[in-house]
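Worksheet: one structure, shown below.
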Amino acid sequence: MESSVKTRLVEVVVPVHNEQRALRASVLRLHTYLTSTFPYGFQITIADNASTDDTWRLAGELAAELANVRAVHLDAKGRGRALRQVWSVSDADVVSYMDVDLSTDLDAFLPLVAPLLSGHSDLAIGTRLSRASRVVRGPKREFISRSYNLLLRSVMGARFSDAQCGFKAARTEIAQALLPAVEDEQWFFDTELLLLAERHGLRIHEVPVDWVDDPDSRVDILRTALDDLRGLTRVARRTLSGAANLPMPARVREARLPRGMAHQLPRFAIVGVVSTVAYLLLFSLLGLMMPVLAANAVALLVTAVANTAANRRFTFGVSGPAGALRHQVEGLIAFLVGLALTTGGLALLPDDVSHEVRLVAVVIANACATLVRFLLLRVWIFHPSRRTSRRPS
Numbered sequence: 001m002e003s004s005v006k007t008r009l010v011e012v013v014v015p016v017h018n019e020q021r022a023l024r025a026s027v028l029r030l031h032t033y034l035t036s037t038f039p040y041g042f043q044i045t046i047a048d049n050a051s052t053d054d055t056w057r058l059a060g061e062l063a064a065e066l067a068n069v070r071a072v073h074l075d076a077k078g079r080g081r082a083l084r085q086v087w088s089v090s091d092a093d094v095v096s097y098m099d100v101d102l103s104t105d106l107d108a109f110l111p112l113v114a115p116l117l118s119g120h121s122d123l124a125i126g127t128r129l130s131r132a133s134r135v136v137r138g139p140k141r142e143f144i145s146r147s148y149n150l151l152l153r154s155v156m157g158a159r160f161s162d163a164q165c166g167f168k169a170a171r172t173e174i175a176q177a178l179l180p181a182v183e184d185e186q187w188f189f190d191t192e193l194l195l196l197a198e199r200h201g202l203r204i205h206e207v208p209v210d211w212v213d214d215p216d217s218r219v220d221i222l223r224t225a226l227d228d229l230r231g232l233t234r235v236a237r238r239t240l241s242g243a244a245n246l247p248m249p250a251r252v253r254e255a256r257l258p259r260g261m262a263h264q265l266p267r268f269a270i271v272g273v274v275s276t277v278a279y280l281l282l283f284s285l286l287g288l289m290m291p292v293l294a295a296n297a298v299a300l301l302v303t304a305v306a307n308t309a310a311n312r313r314f315t316f317g318v319s320g321p322a323g324a325l326r327h328q329v330e331g332l333i334a335f336l337v338g339l340a341l342t343t344g345g346l347a348l349l350p351d352d353v354s355h356e357v358r359l360v361a362v363v364i365a366n367a368c369a370t371l372v373r374f375l376l377l378r379v380w381i382f383h384p385s386r387r388t389s390r391r392p393s
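Mind the numbering: the sequence shown is residues 1 to 393 in the UniProt record's numbering, read in order.
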């Protein structure tokens, strides 16, 4: 039995870029842990993506020094790019990755890969948002993480709880089937892979993890947040168009949107983009003349009224004056939700935070409020059973 277990191979990829400070200690710790406790065969692959410091040299030294450790060099940056290159040619049974800072407790690794090796699940992720998880990180990162995952669940219908935790695994055959349809090469790679997997009905196993934030993290929060929002827009567009359908096992059934949503979502998205731009411009202008919280409330109220009116006619096909006042009054409920989300997000930020970070916070909170608005508009305010006037097709 022991020999058959050892013949199963798990490849652990550690993507790195300019990580000379942490690389050696982290790989030694990981190698020692897997050698002493992991019951399956393993391969650690250090994927250096375009480092300009001594990372590549150190990776080569570790590969020469330690059994089951190898190093791969890429000429371009990108965590997604590194994972794609290694996973696409892997001959392991399961491919996985973890961040070089090892923020996630390694005791969660065996529970992560075991359901994949048994064939019970297709992909597995560590989640920091489970009640059983123990997480140490600042309020800003906590707010951004929860808002982003709420956005995924509300708009994209995602059922997984944590898209951003750097602790994931997949059956190799499944990963290699999905990779051709994953476009992103950076931080959004994880989210796109998981959304694609759910679209094709694949099983995603979640493991609560103990996680400690790395105080030396150099992730550009503003740029990453904007890239993620662009990625979500692209994936939503491809989903609506029916693109990226891949050959999958017979048991897999493709997820479908509820009736009517296929034409409502893109129209709602257009109205939402225009409203968000108007909100940001108004918020920035009013912020020069009044307190931040007051500027946020006024900007949100003005754009909420305009948003309800535009969606009433353009998205849900309701015209004429009948019911217009009622629609606006009910739309104010979504306004109050948005006000609570954005005000709460601003209140969590330190007083000395930069204007760019403040804008990221309100964009994420406003996006969450927008999703709540769509659900309220669809299932309550403009539900067909409550419409009093309908524009002809």
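Where a beta carbon is used, it is the ideal one built from N, C-alpha and C, also for glycine. Treat the numbers as computed from the prediction; the structure is a model and nothing was measured.
Around the beta carbon of residue 312, 16 or more other beta carbons sit within 10 angstroms, so the residue counts as buried. The three-state secondary structure of residue 33, taken from DSSP, is helix. Listed in chain order, the non-local C-beta contacts of residue 84 below 8 angstroms within the same chain comprise 179, 182, 185 and 189, local neighbours out to five positions each way being set aside.
Residue 20 carries a coil assignment under DSSP once its states are collapsed to helix, strand and coil.
Put simply, the backbone Cα of residue 192 is about 20 angstroms away from that of residue 12. Note on residue 120: under 16 other CB atoms within 10 angstroms of its CB, so exposed under the neighbour-count rule. Here the alpha carbons of residue 287 and residue 354 stand approximately 14 angstroms from one another.
Taking one beta carbon from each stretch, the region 109-120 and the region 319-339 have fewer than 3 pairs nearer than 8 angstroms; the two do not touch. For secondary structure counted as the alpha helix (DSSP H) over 4 or more consecutive residues, the region 152-208 holds these complete runs in sequence order: 172-178 and 189-199. Within the DSSP bridge table, the entry for residue 15 names 47 as partners. Bridge pairing for residue 124: 169 and 205 [DSSP]. DSSP places residue 297 inside the alpha helix (DSSP H), whose first and last residues are 292-310. Judged by their CB atoms, residue 381 and residue 327 are nearer to each other than the 7 angstroms cut-off. Exposure of residue 159 is indicated by the presence of fewer than 16 other C-beta atoms within 10 angstroms of its C-beta. With contact defined as three or more Cβ pairs closer than 8 angstroms, the region 303-321 and the region 275-285 are in contact. The C-beta of residue 71 has 16 or more other C-beta atoms within 10 Å across all chains shown, which makes the residue buried. Taken through DSSP and simplified to helix, strand or coil, residue 109 comes out as helix.
According to the DSSP assignment, residue 82 belongs to the alpha helix (DSSP H) that extends over 79-88. DSSP places residue 344 in the helix class (H, G or I) of the three-state scheme. Between residue 206 and residue 340, the alpha-carbon positions lie close to 30 angstroms from each other. The criterion of a C-beta distance shorter than 7 angstroms is satisfied by residue 361 and residue 349. In this chain, the alpha helix (DSSP H) harbouring residue 58 covers 55-65. In the assembly as shown, residue 37 is an exposed residue. Its beta-carbon has fewer than 16 other beta-carbons within 10 Å.
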